[in-house]
Amino acid sequence: MQETNRVVDLSVPSAARMYDWLLGGSNNFEVDQEACEMLLEVAPTTRELALNNRWFLQRVVRVLAEEHGIRQFIDFGSGLPTQRNVHQIAQETDPGARVVYIDNDPVVLALGRSLLDENDNTAILPFDMTDTEGIFAHPDLKRLIDFTEPVAALFISVLHCLPDSAGPGQLVRRVVDRLVPDSFVVVCQLVSDDPKVRDDVTELMRVQTHGNWGRVREESDVREIFSGLVVEEPGLVDVTDWRPDSDLQQRRRSIEWTEYGGLGRVPHRAR
5 MQETNRVVDL SVPSAARMYD WLLGGSNNFE VDQEACEMLL EVAPTTRELA LNNRWFLQRV
65 VRVLAEEHGI RQFIDFGSGL PTQRNVHQIA QETDPGARVV YIDNDPVVLA LGRSLLDEND
125 NTAILPFDMT DTEGIFAHPD LKRLIDFTEP VAALFISVLH CLPDSAGPGQ LVRRVVDRLV
185 PDSFVVVCQL VSDDPKVRDD VTELMRVQTH GNWGRVREES DVREIFSGLV VEEPGLVDVT
245 DWRPDSDLQQ RRRSIEWTEY GGLGRVPHRA R
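With the working numbering applied, the sequence shown covers 5 to 275.
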């Protein structure tokens, strides 16, 4: 498989850059900001959703490192680097923790490489996250990740970017099949129990990103992705409620839609 080699089209919004703007970042363009404004008209609490999702990422990585002893992470569809990235959190527990980021957005790749240049225990690989064979064959992944030891695979707020035809559930299972028991998988994605919200946001994002989008799904779709994994407490939830550690962070919630998911452990397989 060939590594992704995309050219930045500044006339088309990017989900990664839109997310950056919602988090208060500066690595975005006017076209991304305009798309976010349209999104906020459909789902006004989307900024709260983005912030709560980022805090979830930070909490779950810390739990994996501190409580489960995970020292290897693969972040699929990692998005733009911002404060408190996966490697920064994991390396607070163990400076030797290793992190591989996967993304195919040219802006993400450029900024990620500049951030990671001086960190020998990290790498960013230019792949579509569905290219499992290419990713797992890459020399940098093989250099940093020892697949005889537990690994954490992160799919945080990315599977809704994949259409059903791309098989988001099959993607997770392909990755799980390569992990040893007691590895972990983190999955959360955008869901809503309101059909109008699901349809309106899906159509808006599909049009704005020129088809680089999947769909807003339902909680049952996420539960199906966790089939075969042992779901850790507190189960599959709105990620705002996943082991919250700060009242300040939880004061404002998203209403129209949520990030739904949790943490799954790869079980020991029957002999």
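Glycine is no exception: its CB is placed at the ideal position from the N, C-alpha and C atoms.
C-alpha gap between residue i and residue j, whole angstroms
i, j, result
"ASN89", "LEU61", "9 angstroms"
"LEU43", "ARG117", "30 angstroms"
"GLN76", "ALA69", "9 angstroms"
"GLU236", "LEU27", "28 angstroms"
"ALA156", "PRO110", "25 angstroms"
"ARG219", "LEU194", "8 angstroms"
"ASP181", "THR152", "13 angstroms"
"GLN174", "THR136", "11 angstroms"
"MET22", "VAL241", "24 angstroms"
"GLU38", "LEU208", "12 angstroms"
"GLU71", "SER231", "23 angstroms"
"SER169", "VAL176", "14 angstroms"
Rounded distance between the beta-carbons of residue j and residue i, thought under 8 angstroms
i, j, result
"VAL270", "LEU183", "5 angstroms"
"LEU120", "LEU145", "Not really, about 14 angstroms apart at Cβ, beyond 8 angstroms."
Best match in the options for proximity to residue i [C-alpha to C-alpha]
i, options, result
"ASP198", "VAL46, VAL243 and ILE106", "VAL46"
"ALA114", "VAL189, GLY266, VAL176 and SER82", "SER82"
"MET133", "GLY171, ARG147 and ASP124", "GLY171"
"ARG102", "ALA54, LEU148, LEU267 and LEU26", "LEU148"
"HIS142", "ILE106, GLY173, ASN123 and PRO110", "ILE106"
"ARG257", "GLY173, ASN57, GLN174 and PHE188", "ASN57"
"LEU55", "ASP186, VAL189, SER161 and VAL35", "SER161"
"ASN125", "PHE140, PHE131, ASN108 and VAL104", "VAL104"
"LEU84", "PRO99, ASN32 and HIS72", "ASN32"
"ASN123", "ASN108, ALA94, GLY138 and PRO130", "ALA94"
"ALA20", "GLU222, ARG66, PHE80 and VAL179", "PHE80"
"GLU223", "ARG51, TRP59 and CYS192", "CYS192"
"THR86", "ARG227, ARG273, GLY29 and ILE259", "GLY29"
"ARG273", "ILE259, ASP249, GLU34 and LEU233", "LEU233"
"THR49", "VAL201, GLY73, VAL35 and VAL189", "VAL201"
"THR259", "ASP24, PHE140 and LEU53", "Correcting the residue identity first, residue 259 is Ile in this sequence and not Thr. ILE259 has its Cα closest to that of LEU53, out of ASP24, PHE140 and LEU53."
"ILE229", "ALA127, VAL189, THR97 and ASP249", "VAL189"
"PHE140", "ASP186, PRO99, ASP98 and ILE78", "ILE78"
Environment of residue i [buried if 16+ CB atoms lie within 10 Å]
i, result
"HIS164", "buried"
"LEU14", "exposed"
"LEU267", "buried"
"TRP261", "buried"
"HIS214", "exposed"
"GLY239", "exposed"
"ASP150", "exposed"
"GLN212", "buried"
"GLU263", "buried"
"PRO154", "buried"
Interface flag, residue i vs chain D, CB-CB below 8 angstroms
i, result
"ASP181", "Considering every chain present, this structure includes no chain D. It has just one protein chain."
Cβ pair count under 8 angstroms reaching 3, the segment 33-43 against the segment 233-246: Flag = no, the segment 33-43 and the segment 233-246 do not touch.
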